[in-house]
Structure formats: C-alpha cells, structure tokens
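Trainee: Structure below; questions to follow.
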Amino acid sequence: MTRGKWLAALCLVPFALFFIVFEIAPLIWVMINSLQSEEFGWGFANFSKIFNSKFYLQAIQYSLEISFWSSVFGIIIAVLGAYSLRRVDSKLRNFVNAFANMTSNFAGVPLAFAFIILLGFNGSITIMLKQAGIIEDFNLYSKTGLIILYTYFQIPLGVLLLYPAFDALREDWRESAALLGADGWQFWRHIGLPVLTPALLGTFVILLANALGAYATVYALTTGNFNVLPIRIAAMVSGDISLDPNLASALAVVLVALMTLVTVVHQLLLKRSYHVSR
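Here you go:
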C-alpha cells in the first residue's frame, strides 16, 4: 500500500512541475510586475490608474457585459440542446456531439472571418434580413454583435459540458412525480433544476471564463479597436504606440481577480445546492 502511494506521488511530479512552471510562476511574475511603475516605483500606482480611468473601466465593463450575456444565452441554448440530445436515441445524437466537439474549437481568425461573411455590413444574412424588412441595420462590430459572436462559441462548449449532467436525472423520478400529480413544470422546479444546479453553475463559470479570456476572435474581428480587457492587455505588451507591461500586468491581475470572485460565488452557491446538501 505504501509503495503504491509513493508510486502515485511520483507520477504526479511531472504534472506538479508543469503546473508550477506554467501556471504558478507566471501568475507570481505578473503580480510582482503589477506593483512596479516606471514613474512611481513600487506601489499601487498601476491599479490607481486603472480605477481612475474611464477608458480602462469601460474595458472592464464591456468585458463583463459581453461575457455575462453570452454565457447566459449560451447556457440557455445549451441546456435545451443537451436535454434534446438525451431524449433522442439515434445516430443524430452522435453526429451532433461530434459537431459540437468540432465547433467548440472553431474560434479565432476563421470564426471572425465566417461571421464577417455572414453578418458583416455586407454579409449574406444581413442583406437578406434587410431585404425582408426584419432589420434596418446591424453592426457586427458593436457590443451586441460581439455578444452574438461569443454566444456562438459558447453553445457547443456548453452542450459538451451539460450533456453528461442529464445522466443524473432518472426516468423513474419523472414517472413517480407524475403519479403523485406533478406536472412538467413542477417536476423541473422541485426535482430537475435542483439536481442540475451544480452542473449549471459549474458550466456557467466555465463559459464566463471562456468569454473573459477570449482574445483572438475579437482581435481578428475588430483589429484590436474594441475596448475589452484582453485587447488592452495585449496592446500594452506588443503594441506599436505605447508599451507598458507593468500596467498590462495590473490589468491581468484585475482579470484574475474577477475570475476569482466569480469562482468564489460559484462555490458558495454550490454549497447551498440540492446535490451538495445531500
């Protein structure tokens, strides 16, 4: 038994080294650099500049709004899609799962180019909707357009994460509830949703993190002209006009803090869920 434990611990060494070198060390380096300023030296000057600037506050606001709404729309559609797949017993299920797996990795420049062709100012779908009188104008490069774009790559990821969660819902629970006089809404309110709450919360947090950290797609679509946190961080590290890696580190710390806050709230809600309480 002791030998098995030592062998298991030895197998964890490569993972631990990888985690420290590529996860912990960069985070520590970013946090240290965020406290350095070329003008004021050590201190919180970078954070003071961020929270006293309307420009950077707007970047934080836009990042949160786009991430939140795309995660909400994405998880709603993903729940419906994952539940429908569980109810379908055919080859269509395997095809949709494979398609979702493929499209969940379809991001960056190809995705931005595809949306420009479809929903750009002269996109095929945009022109058809204008000719049909459904819309007067649509700006893909606005906040609304980015929410639609983000929602697209949130849906397949949400389907893949939620699909196994419906295994927790047993068919005999539905039958028992029906025998006791419960309708469909009452079943989902008192049984289905409480059981799925941990999976829904966990998936929502992952979708939120996925959207908050997205860079390649929004950069390719707007050529770096839309004000979100990943764009601002990259502009200060590799921009041609002004370079300020210390301020970029401070913005990265703000981004990490936002994700930490979301994760803490998720854990608090998870502790109160039906699944954990049992």
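So for the sequence shown, UniProt numbering puts the first residue at 1; every next one is plus one. Glycine included, every Cβ here is placed at the ideal spot set by N, Cα and C.
Please list, in chain order, all residues of the same chain as Ala168 whose beta carbon is under 6 Å from its beta carbon, the five residues on each side excluded.
Mentor: Locating residue 168 in the sequence shown gives position 168, counting from the first residue. For Ala168, where only same-chain residues beyond five positions count, the Cβ hits under 6 Å are Val195.
Trainee: State the start and end residues of the unbroken alpha helix (DSSP H) segment that holds Glu171.
Mentor: Within the sequence shown, numbered from 1, the residue matching residue 171 stands at position 171. Start and end: 171 to 179.
Trainee: Taking 6 Å as the limit between beta carbons, can you name the residues of its chain near Arg86, skipping five residues before and five after?
Mentor: The residue given as residue 86 occupies position 86 in the sequence shown. Result list for Arg86: Phe166, in chain order.
Trainee: Take the Cβ of Phe55 as the centre, count every other Cβ of all protein chains shown within 10 Å, and call the residue buried at 16 or more, exposed below.
Mentor: Residue numbering aside, residue 55 sits at position 55 when the sequence shown is read from its first letter. Result: exposed.
Trainee: Less than 8 Å between the CB atoms is what I'm expecting for Ile147 and Ile66, so what's the real figure, rounded?
Mentor: As a working note, residue 147 is residue 147 in the sequence shown. As a working note, residue 66 is residue 66 in the sequence shown. Right, their Cβ atoms sit about 6 Å apart.
Trainee: Just to check my reading of the structure: Ala211 and Ser48 have Cβ atoms closer than 8 Å, yes? What is that Cβ distance to the nearest angstrom?
Mentor: Within the sequence shown, the letter at position 211 stands for residue 211. Within the sequence shown, the letter at position 48 stands for residue 48. Incorrect: roughly 27 Å between the Cβ atoms, too far for contact.
Trainee: Closer than 6 Å by C-beta to Thr217: which residues in its own chain qualify, once you throw out the five before and the five after it? Chain order, please.
Mentor: Within the sequence shown, the letter at position 217 stands for residue 217. Within the same chain, Thr217 has close Cβ partners Ala107, Gly108, Leu111, Ala112.
Trainee: Identify, in the order they occur along the chain, each residue of the same chain with its Cβ nearer than 7 Å to the Cβ of Thr100, setting aside the five sequence neighbours on each side.
Mentor: Counting from one through the sequence shown, the residue named residue 100 turns up at place 100. Reading the sequence as shown, one finds Ala at residue 100 and not Thr. Hits under 7 Å: Pro156, Val159, Leu160.
Trainee: Residue range of the alpha helix (DSSP H) that Pro198 falls in?
Mentor: Here residue 198 corresponds to residue number 198 of the sequence shown, with the count starting at 1. It spans 193 to 212 - the alpha helix (DSSP H) in which Pro198 sits, taken as one unbroken run.
Trainee: Using DSSP with H/G/I as helix, E/B as strand and the rest coil, what is Gly120?
Mentor: Counting from one through the sequence shown, the residue named residue 120 turns up at place 120. Gly120: coil per DSSP, three-state reduction.
Trainee: On a CA-only basis, which of Phe115, Glu136, Ile127, Glu171 is nearest Gly145? Give me that one, please.
Mentor: Here residue 145 corresponds to residue number 145 of the sequence shown, with the count starting at 1. The residue with the shortest Cα to Cα distance from Gly145 is Phe115.
Trainee: Under the rule that 16 or more other beta-carbon atoms within 10 Å means buried, what is Met128, buried or exposed?
Mentor: For the purposes of this step, residue 128 is taken as residue 128 along the sequence shown, with counting starting at 1. With fewer than 16 Cβ atoms within 10 Å of its Cβ, Met128 is classed as exposed.
Trainee: Please report how far the alpha carbon of Ala177 lies from the alpha carbon of Asp183, in whole angstroms.
Mentor: As a position in the sequence shown, residue 177 is number 177, starting the count at 1. As a position in the sequence shown, residue 183 is number 183, starting the count at 1. So the alpha carbons of these two residues sit roughly 8 Å apart.
Trainee: Is the region 223 to 242 touching the region 38 to 46 in the sense that three or more CB pairs, one from each, lie closer than 8 Å?
Mentor: Flag = no, the region 38 to 46 and the region 223 to 242 do not touch.
Trainee: In chain order, which alpha helix (DSSP H) runs of at least 4 residues are fully inside the region 21 to 51?
Mentor: Whole alpha helix (DSSP H) segments, 4+ residues: 25 to 34, 45 to 51.
Trainee: Per DSSP, what kind of secondary structure is Asn227 in: helix, strand or coil?
Mentor: Here residue 227 refers to the residue found at position 227 when the sequence shown is read from its first residue. It is coil, neither helix nor strand.
Trainee: Consider the Cβ of Phe121: report whether some Cβ of chain B lies at a distance smaller than 7 Å.
Mentor: Reference to chain B is not applicable here, since this structure consists of a single protein chain.
Trainee: Please list the terminal residues of the continuous alpha helix (DSSP H) segment that includes Ile76.
Mentor: The residue labelled residue 76 in the question sits at position 76 within the sequence shown. Element bounds for Ile76: 54 to 87.
Trainee: Quick one: what does DSSP say Leu243 is sitting in, helix, strand or coil?
Mentor: Your numbering for residue 243 matches position 243 in the sequence shown. Coil.
Trainee: What three-state label does DSSP hand Phe19 in the structure shown?
Mentor: By one-based count along the sequence shown, residue 19 stands at place 19. In this structure, Phe19 counts as helix in the three-state DSSP scheme.
Trainee: Under the three-state reduction of DSSP, which class applies to Phe95: helix, strand or coil?
Mentor: Counting from one through the sequence shown, the residue named residue 95 turns up at place 95. Three-state DSSP puts Phe95 in a helix.
Trainee: Buried or exposed: Cys11, going by 16 or more other Cβ atoms within 10 Å of its Cβ?
Mentor: As a first step, residue 11 must be located in the sequence shown, where it is residue number 11. Looking at its Cβ environment, which holds fewer than 16 other Cβ atoms inside 10 Å, Cys11 is exposed.
Trainee: Given Val262, which residues of its chain have a CB within under 7 Å of its CB, disregarding the five upstream and five downstream residues?
Mentor: Counted from its first residue, the sequence shown places residue 262 at position 262. So the qualifying residues of the chain are Val205, Leu208.
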